[in-house]
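J.: Here it is, the structure in full.
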Amino acid sequence: EDIIFMNNTCLEVKDLKKIYHDKYSETIALNNISFNVKDKEYISIIGPSGCGKSTILGIIAGIINKSSGDIIFNKENPTIGYMLQEDSLFPWKTILENCLLGLEITKKLNTKTKQRAIDLLTTYGLKDFINKYPSSLSGGMKQRVALIRTLVLNPDILLLDEPFSALDYQTRLTLSDEVYEIIKKEGKTAIMVTHDIAEAISMSDRIILLSKRPSHVKKIYNVSFKEKSIPTENRKKEEFTFYYQNIWKELDHHV
Ligand code: ADP
Numbered sequence: 002e003d004i005i006f007m008n009n010t011c012l013e014v015k016d017l018k019k020i021y022h023d024k025y026s027e028t029i030a031l032n033n034i035s036f037n038v039k040d041k042e043y044i045s046i047i048g049p050s051g052c053g054k055s056t057i058l059g060i061i062a063g064i065i066n067k068s069s070g071d072i073i074f075n076k077e078n079p080t081i082g083y084m085l086q087e088d089s090l091f092p093w094k095t096i097l098e099n100c101l102l103g104l105e106i107t108k109k110l111n112t113k114t115k116q117r118a119i120d121l122l123t124t125y126g127l128k129d130f131i132n133k134y135p136s137s138l139s140g141g142m143k144q145r146v147a148l149i150r151t152l153v154l155n156p157d158i159l160l161l162d163e164p165f166s167a168l169d170y171q172t173r174l175t176l177s178d179e180v181y182e183i184i185k186k187e188g189k190t191a192i193m194v195t196h197d198i199a200e201a202i203s204m205s206d207r208i209i210l211l212s213k214r215p216s217h218v219k220k221i222y223n224v225s226f227k228e229k230s231i232p233t234e235n236r237k238k239e240e241f242t243f244y245y246q247n248i249w250k251e252l253d254h255h256v
C-alpha cells in the first residue's frame, strides 16, 4: 500500500517558507506549508486574500524563489503548465499561433505537436476559431484556449491561478464544467488557486485551506460525494452544503 502511494504521488511540498523582502520591510508570506498531490488529483488551495496562494503556485512553477523548504516532483524535469486568471493570449496572433507559442519557445514544435494542438482545439469546440484572432472570442472561450495552450505541452501538472475570476458568474459556471471535463479527460493533475469556496468544493478531490498570513495549512478536506458529477451538478448536492458550511466557519474572514 505504502509503496503504491509513493509511486502515486506527483508532487510533495515540504515545509515551504517564503519571505518577501523589499527596501524597508519583510513580509512573511508562507510559513511551513506542507502538502502532497497525487497523480490525476484535482487540488484546490483556498484562503483569505493575500495569504500566499499565488506565491505557492509561483514557487512550484519555478518563477518565484522559495526562502526554504522543498518542492519534490516524482520525476526529473517535469513539464509544468501554468494558466493565469487574466486573458494572456497575444491579440496579434491567431488562436492556433497562440497555442503553438509554448511549443516554439521550448523548441518542441513539429508536425506531430502542431497536429496535437489542432486536435485539442477541435475536440474542445474551437475548430472554427483556429485561424481567428482572440478578439473574436468570448471571455470563456479565451480561457478555454489558454487551457488548451498549456495542454499542448503535455504538462505533468497544471497550475491554475484563479482561472475564472475575470469572468461573469454564468460563464464561470459553464467554464468550470468545461475545464473540469477537459482536465479529467486528458488525465491531468491540477492545482487550482481560488478564493471561491463553492468553486473549490464543486471541482476538487481535496481542498487545502490556508490560514491568514503568515499562512500555514489550517485544514485539508477530502471532498467526497456519494455520486460525483460535473461541478454544476455537485453544487446541488447535500454534501456540498455540508462542506460549504464547514469551510466557511474555518476560513479566516476579515483579515
Ligand atoms: P494570494 O494569492 O493569497 O492573494 P499572494 O501570494 O499574491 O497572495 O501574496 C502573499 C503576500 O505576499 C501578500 O501580502 C503580498 O502583498 C505579498 N507579496 C506578493 N508578491 C510580493 C512581492 N513581489 N514583493 C513583496 N511582497 C509580495
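Residues in the sequence shown are numbered consecutively from 2, following my numbering.
Virtual Cβ for every residue (Gly too), placed ideally from N, Cα, C.
(1) Going along the chain, which residues of its own chain have a beta-carbon closer than 6 Å to the beta-carbon of Lys41, five neighbours each way excluded?
(2) Compute the minimum distance between the beta carbon of Thr56 and the heavy atoms of ligand 1, and state whether it is under 7 Å.
(3) Using only alpha-carbon positions, find the residue among Leu161, Arg150, Thr123 that is nearest to Leu104.
(4) With H, G and I counted as helix, E and B as strand and the rest as coil, what does DSSP make of Asp120?
(5) What do you get for Lys133, buried or exposed, if any count of 16 or more other CB atoms within 10 angstroms of its CB means buried?
(6) Who are the near neighbours of Thr172 in its chain, counting only those whose CB is closer than 8 Å to its CB and skipping five residues on each side?
(7) Roughly how many whole angstroms lie between the Cα atoms of Thr95 and Pro135?
(8) Report the residue from Leu160, Ile72, Ala118 whose alpha carbon sits nearest the alpha carbon of Ser55.
(9) Any contact between the segment 119 to 129 and the segment 222 to 238? By contact I mean 3 or more CB pairs, one from each, below 8 Å.
(10) Please check the pair Met84 and Ala167, which I expect to be a contact at CB under 8 Å, by giving their CB distance rounded to whole angstroms.
(11) Can you give me the C-alpha to C-alpha distance between Glu2 and Glu13, rounded to a whole angstrom?
(12) Write down the C-beta distance between Ile34 and Ile57 rounded to the nearest angstrom, noting that I regard them as a contact closer than 8 Å.
(13) Mark Asn32 as exposed unless 16 or more other C-beta atoms lie within 10 angstroms of its C-beta, in which case mark it buried.
(14) Whole-angstrom Cβ separation of Phe241 and Ser203, contact assumed at under 8 Å?
(15) Residues in the same chain with beta-carbon distance under 6 Å from Ile184, minus the five sequence neighbours each way, listed in chain order, please.
(16) With a threshold of 16 other CB atoms inside 10 Å of the CB of Ile4, please say whether the residue is buried or exposed.
T.: Based on what the coordinates show:
(1) Excluding sequence neighbours, Lys41 sits near Gly188, Thr190.
(2) The answer is yes for Thr56.
(3) Distances from the alpha-carbon of Leu104 to those of Leu161, Arg150, Thr123 put Arg150 closest.
(4) Here Asp120 sits in helix by DSSP.
(5) So Lys133 counts as exposed.
(6) Ser139, Gly140, Gly141, Phe165, listed in sequence order.
(7) Using only the alpha carbons, I get a separation of about 7 Å.
(8) Leu160 is the residue among Leu160, Ile72, Ala118 whose C-alpha sits nearest the C-alpha of Ser55.
(9) Taking 8 Å as the limit for Cβ pairs, the verdict is that the segment 222 to 238 does not touch the segment 119 to 129.
(10) Contact between Met84 and Ala167 does not hold, since their C-beta atoms are separated by about 12 Å, which reaches or exceeds 8 Å.
(11) Confidence is the limiting factor: at Glu2 the pLDDT is only 39, short of 50, which leaves the residue's position unreliable, though a coordinate-based value still follows. The C-alpha of Glu2 lies about 18 Å from the C-alpha of Glu13.
(12) Yes, they are in contact, since the Cβ atoms of Ile34 and Ile57 sit about 6 Å apart, within 8 Å.
(13) Counting Cβ neighbours within 10 Å, Asn32 comes out buried, since at least 16 surround it.
(14) About 7 Å separates the beta carbons of Phe241 and Ser203, which is inside the 8 Å limit, making them a contact pair.
(15) These residues qualify, in order along the chain: Ala191.
(16) For Ile4, the pLDDT reaches just 43, beneath the cut-off of 50, and the residue's location in the model is therefore unreliable, although a value from the coordinates is still provided. That one is exposed.
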